[in-house]
Amino acid sequence: MKIKKSIFLLLFAIILLSFSGCSENSQLHQKLIIQGIGIESIENEYVLTVQALDFKNPSKEDKPSTKILEIRGNSLLNALENISKQTSLTPVYSQNMIIILSESIVKNSGVNNFIDFFIRHFEARPKVKICVVKDRASEYLKIKSEDNKVLTAKDIHDLIPSSLNSDVLHFVSNLKSGLSNSYLSWINIEDKNGLKQVHLKGVGILLEDNLVKFIEKDEALAFMVLKSVPNFGTFVVENKNLGKIICLLEKSDVKTNVNLEEGKTPKYKINLNLEISVFSMSDKLEFDFEEEIKNSIGEEFSKKITALCSEVIGNFLGQGVDVFDFGKILKNSYPKYFKKIDGDWKSHLKNCKYEVVSKVNVIITGKEPI
Amino acid sequence: MQKFKAEFDNSADLCIKYINVGNVSCAVITLAGMVSKDTVAISVVNPIIDASVKGETPLEKFNYIKDYVISAVDQTQVCTYEDAFNMIMSGFALFAVDGCDSMVALGVQGFPVRAVSEPSSELMQRGSREGLVESVNINMTLIRKRLKSPKLKFEVMNLGATSQTAVCLCYMTNKVSEDILKKIKENLSKVNLDMVIEAGYLVPYLEDDGDFSLFSSVGMTERPDTICGKISEGRVAILIDGTPNALIVPYLFVEYFQHLDDYSMHTYFATFTRWLKYLAFFMSTLLPGLYVGISTFNPEILPGPILNKIALAVSTTPFSLMTETIFIHLIYEIMREAGLRIPRPLGHAVSIVGALVIGETAVSSGLIGGPTLMVVALTAISSYVIPNLYEPISILKFVFIIVGGLLGIWGIMIIFTAVLVNISSKKSYGIPFTSPIAPFKFFAMRDVLTRCGWSFLSKKNIKVQDLPGSEVK
Amino acid sequence: MEKRPCISTGQIFSMLFISKIVISMTYGSLLIGDSDIWDHLVSVPISFLLTFLIVWPIYKLFSMDKKMNIMDNIYNLIGKWGITLIFIYVIYYLVICFHTLAVFNNFISNAVNPPISITFLTFILIICSCYGAYKGLEALARTSSFILISTVFSVVFLGVSLFSGVEVINFTPLMYNGSESVKEGVIYMISQSPCIVALAVLLPMGKGNKKRGIIIWNFLVYLLFAMIIVLIIGSMGDFVYTQLFPVYTAAGIGKFGSFRHLDSLYLGVWISGIFLKLSLFFILASEGIKKVFGEKAKKISIVVFGVMMASVSCFPSFFGILKTSVTTWVLFYFLIFLSLVVPSVLIFIKFFKLKRRNNIED
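Chains A, B and C, in that order, give the protein sequences.
The first sequence: position 254 = 652 (the numbering used here), numbered continuously.
The second sequence: position 413 = 416 (the numbering used here), numbered continuously.
The third sequence: position 269 = 343 (the numbering used here), numbered continuously.
What follows is the structure in structure tokens.
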């Protein structure tokens, strides 16, 4: 019995040792741990800008030091392959936090040409945030912050609110659904007192897999409200008694219902349940924190936001763009009806009716004059 | 007397005191140092010299002296030389009368024994400071004075062809399983050793199944109170003369995590420390392997800042993470062994060398990474929490480091499951080693996953043979 | 009388539950093709009820003589001619091992793609599984308790982490595109229940209430399936259909406080489950060998099975053939034959023999 055991153990050891060479593992510092990827197209070539952890030049602070690589290729896959050729490091995508797409690549060649890698690669994470920029994607990964340090991919990642669902998972889900249109968060560089700052400017809307338009300012504000994204920007509400009031959206709860009217036209009712904080207002009128005043501000805000949202929805519907999942809602509520129009949903979209109803809860946080 | 002199080859410690009683020659045979000289003089030699012995024949005189003259209480009649040699070597004095075919062994032991002191390997925060000593008789006393029950039984046998070491089975007749007791005796009868010097000699014989396992199903303790607790649950303690360690069988896996201190603490804290021990076990076994495996193959699991620190450390060291981890663990094991064996005055030197060489120089010279050193330190500290499991842990951690370095967390999980199978396949005297977790008994969890209060613990005394999956009754 | 391993009913069903979970975790387009995952929610209650129907003959046969497993019954009722049938059972158990290894191989190469040789990893898995089988059913049953605890914890952990990400809008109408997917779902779920055939051997080895065990096990298995479907569809929507192994992807997106990338947790539990399943089916196959060739052959057969599996995994082309030929339908027909047809025939023969004996006695 002991001889048998010894033979077994010996065989096991031989197998273990003889196969140990099969491991192609590289040590951690021999890997290129990618934090952010910028993709753009220049002269019919894919230009990939990669922000990765730099282990050769460690920073003395807690923040890891990063390095920027720019790689070109005929296709995205080719460019990605070139990373290891250029650096002799094994790229690791699992720590990637952000994908920045330039307008040119999303508008011209379409997303389907390269997004597959981020869906199927075993290291790719579906919750990686994805955004679009109007200028070169590489600029955003190279931009230096106040302390003359490169803005990390994590900083850009944190700029995009999670509730906007601007990640690979939701982006691809909408792209593949055939009903809803995909959208990407749009970030921009602004020059403030000679210092470049990155901020979330609005949203880029896609038709099929091509970028068709950017929305910003009030349109973007309404979009964010309808997507339940709080703290995007401030709303200025004019009130004849109180003057200018600046409001910040703290919470947005959107419920959309659909009804089929007699003529079989879907009518959507969008209920907005909002919570706003009033952090600044003019000093025209003395007032206390009374219910009446809150209601007054709420009504003004409600009017404004209802009008704004109605306008945005109307614009989208008019262009046959479904970014608010109207198709899915109709499909879930009236599957039999939807089955009849399934193939032609986008043309039906233009005929859909809608109504925006809002209920606003006001929190007064101060009455500082502007 | 010639026989004795011949057998002992005139050994220097053999003392024979001849006394003439009338016309009959008598002798008191002892081994110097094994008996108390005073006791021999007061209760054996003096009374014989002073007495007026009645009887005509040597046998009558022998019986008279044995019954009316010698005042020693412990008297055993010995008829064979073999028994006589055993007795004399156990510290008895032999009284022989010329012309008689038997002798009497007198209990006048007086060999030097170590005083009862606190066991160094099983310290307790609260509780008794008494630990077992090398003498089996004193150990029996220590147990008896804690368990004042007539059901407590000691059974002594001699093991070792040459050493003839006294081995004492200690159990409670109303609690122990007859099957278990029978099996233990059977196993002990198979001991074919020449010398039984230490408790560890008997462990392989007491392991019930022949299969290889890293974990032992024979417990070891230095505390008489622990023995009392164990035998009151139907277990059998085995005291071995000459060693302060008692063996306990059957011994289950969960018992490695139970300590007598748990029962003197608040229940919530005892439960907390018990979970700490479970955590420490997993940490000490798996942490270095997981560290190597994850850092090499699955860096995505690690949060960014930790990953960055590990990568920075690895980039400055000349070895791969696996080699580095094995290397530091080996150095640590060498230092631990040196610390154990080295004469105490030199102990400080080892500490200084260890702290300076490994802690300072190796890291600052870039030979070893800081995170690796941290992992090794954590592993070492965790393994001290369950000292009884140190042996399997120290081997397993090396196995997991190698597997982690070659196969990543997938390999670690496969080998870990294989270790689980190994533990689960083990039985201790018909009781599954993993009982009462697998097979599961909810009621028994009161002292496994938690340490319930005494009001609940005392509700029903679960005997070891009553545990789920037990084949013995 | 030979000594049979004696384990509790709970242990039997925990082993079977884990065996089922490992396949549920690889649930995805690789095994179900283009079928609509969401429609499989309707398949769940149907499969749940069908399982009872399929298990019934095995249970009935067992309840007629609680000491005999299906192989004893075949041997006693059909005699030496029954050896062929016993071999069919052995082959089925081995096919399940092949299938499990194929799924493992596919999963590791597609979803994880580690920088190590997958053949090497498969080798180690096979060797360790053989060791598990060699240690016997009791050891495996006890190990399953530990694995079950970790499995339940990780499933709950994953469930909770994914629950917050569930979006109701992703729940489209059931059977929107007809009932074809439901049918495919039922076939898939039943075909991936080799545990039913395993029960034919395991039932006589357990102590306890088997009827209750079967009900609870079946209920939990399909409850888990329903949960998986709801969670992956709810949290990923149409993204599910782009993934080969959506449950694995879902584990990767789930987060619980600061804990992220829970797919590693998933992997750990999954590999332990694969280990247990392989060992269990090695044991079941070796039980057949024992019945024909005796106790000694049983232990040798485990090594032979291990060598067989290892050799197959060494030749990728052959393994590929096996992977493609052992389709859902093949497994389904195999399962129906072994769990419904054979036990029913045996019940009939047994009943007939009993009646004839009673007539003679009268």
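We put the CB at the ideal spot given by N, CA and C, even for glycine.
query, result
"Within 8 Å, strictly: CB atoms of isoleucine 727 of chain A and valine 623 of chain A", "no"
"Glutamine 449 of chain A: first and last residue of the uninterrupted beta strand (DSSP E) it sits in", "443 to 451"
"Contacts around valine 256 of chain C, its chain only, beta-carbon distance under 8 Å, and the 5 residues preceding and following it disregarded", "Asp113, His114, Val116, Ser117, Ile120 and Met249"
"Cutoff 8 Å: tyrosine 262 of chain C Cβ touching any chain A Cβ", "no"
"The stretch 360 to 378 of chain C / the stretch 158 to 165 of chain C touching (three or more Cβ pairs under 8 Å)", "yes"
"Neighbour list for proline 453 of chain A in chain B, Cβ cutoff strictly below 7 Å", "According to the sequence provided, residue 453 of chain A is phenylalanine. The question's proline does not apply to it. Result: Ala314, Leu315 and Ser318."
"Close-in-space but distant-in-sequence residues of the same chain around valine 721 of chain A (CB under 7 Å, 5 per side omitted)", "Ser578, Asn579, Tyr581, Ile603 and Phe714"
"Neighbouring residues, chain B, relative to cysteine 202 of chain C (Cβ below 9 Å)", "Ile417, Ile418, Thr420, Ala421 and Val424"
"Residues that methionine 223 of chain B bridges to, as DSSP identifies them", "B:Leu250"
"Through-space distance from lysine 444 of chain B to phenylalanine 459 of chain B, alpha-carbon basis", "16 Å"
"CA nearest to the CA of asparagine 669 of chain A, picked from A:Glu648, A:Ser756, A:Lys429 and A:Leu430", "A:Ser756"
"8 Å Cβ cut-off: residues of chain A touching serine 323 of chain B", "Gln425"
"Where asparagine 425 of chain B falls, given that 16 or more other Cβ within 10 Å makes a residue buried", "buried"
"Beta-bridge partners of threonine 401 of chain C, as assigned by DSSP", "Note: threonine 401 of chain C sits in no beta bridge, so no partner."
"Cβ-Cβ separation, arginine 216 of chain C to alanine 441 of chain B (assumed contact under 8 Å), whole Å", "4 Å"
"Under 9 Å (Cβ pairs) to chain C, residues found in the stretch 424 to 443 of chain B", "Val424, Asn425, Ile426, Ser427, Ser428, Lys429, Lys430, Pro435, Phe436, Thr437, Ser438, Ile440, Ala441, Pro442 and Phe443"
"Status (buried if at least 16 other CB within 10 Å, exposed otherwise) for histidine 351 of chain B", "exposed"
"Listed by chain order, chain B residues near lysine 527 of chain A by CB distance under 7 Å", "What lysine 527 of chain A touches in chain B: nothing, since even the nearest Cβ is about 15 Å away."
"Beta-bridge pairing of serine 756 of chain A - partner residues as DSSP gives them", "A:Leu670"
"Status (buried if at least 16 other CB within 10 Å, exposed otherwise) for tryptophan 584 of chain A", "buried"
"Neighbouring residues, chain C, relative to leucine 604 of chain A (Cβ below 7 Å)", "The contacting residues do not exist; leucine 604 of chain A stays about 15 Å from chain C at best."
"Cutoff 8 Å: phenylalanine 520 of chain A Cβ touching any chain C Cβ", "yes"
"Outcome for leucine 159 of chain C when other beta-carbon atoms lying within 10 angstroms are tallied against a minimum of 16", "buried"
"Limits of the unbroken beta strand (DSSP E) element including cysteine 750 of chain A", "From DSSP, cysteine 750 of chain A is part of no beta strand (DSSP E); its letter is neither H nor E."
"CA-to-CA distance, isoleucine 691 of chain A to phenylalanine 685 of chain A, given in whole angstroms", "Unreliable positioning characterises phenylalanine 685 of chain A in this predicted model, as indicated by a pLDDT of 49, which lies under 50. The coordinate reading is nonetheless provided below. Distance between the alpha carbons of phenylalanine 685 of chain A and isoleucine 691 of chain A: 8 Å."
"C-beta atoms of phenylalanine 319 of chain C and alanine 185 of chain C nearer than 8 Å", "yes"
"Sub-8 Å separation of isoleucine 421 of chain C and lysine 141 of chain C beta-carbons", "no"
"Beta carbon of alanine 207 of chain C nearer than 8 Å to that of isoleucine 86 of chain C", "no"
"Alpha-carbon spacing of isoleucine 503 of chain A relative to isoleucine 435 of chain A, whole angstroms", "14 Å"
"Chain-ordered neighbours of aspartate 146 of chain C on chain A, where CB pairs are closer than 9 Å", "Result: empty, since nearest Cβ-Cβ is about 29 Å, beyond 9 Å."
"Neighbour flag for threonine 176 of chain B against chain A, beta carbons, 8 Å", "no"
"Proximal residues to leucine 499 of chain A (C-beta, below 6 Å), its chain only, five neighbours per side dropped", "Ile437 and Val530"
"Extent of the continuous alpha helix (DSSP H) to which aspartate 607 of chain A belongs", "First-last for aspartate 607 of chain A: undefined, no H or E at that position."
"Euclidean distance between Cα positions of lysine 20 of chain B and phenylalanine 88 of chain B", "17 Å"
"Proximity test, Cβ basis, 8 Å: phenylalanine 477 of chain B and chain C", "Any property of residue 477 of chain B remains undetermined from this structure, which presents chain B solely from 4 to 476."
"Residue range of the unbroken beta strand (DSSP E) whose run includes methionine 106 of chain B", "106 to 109"
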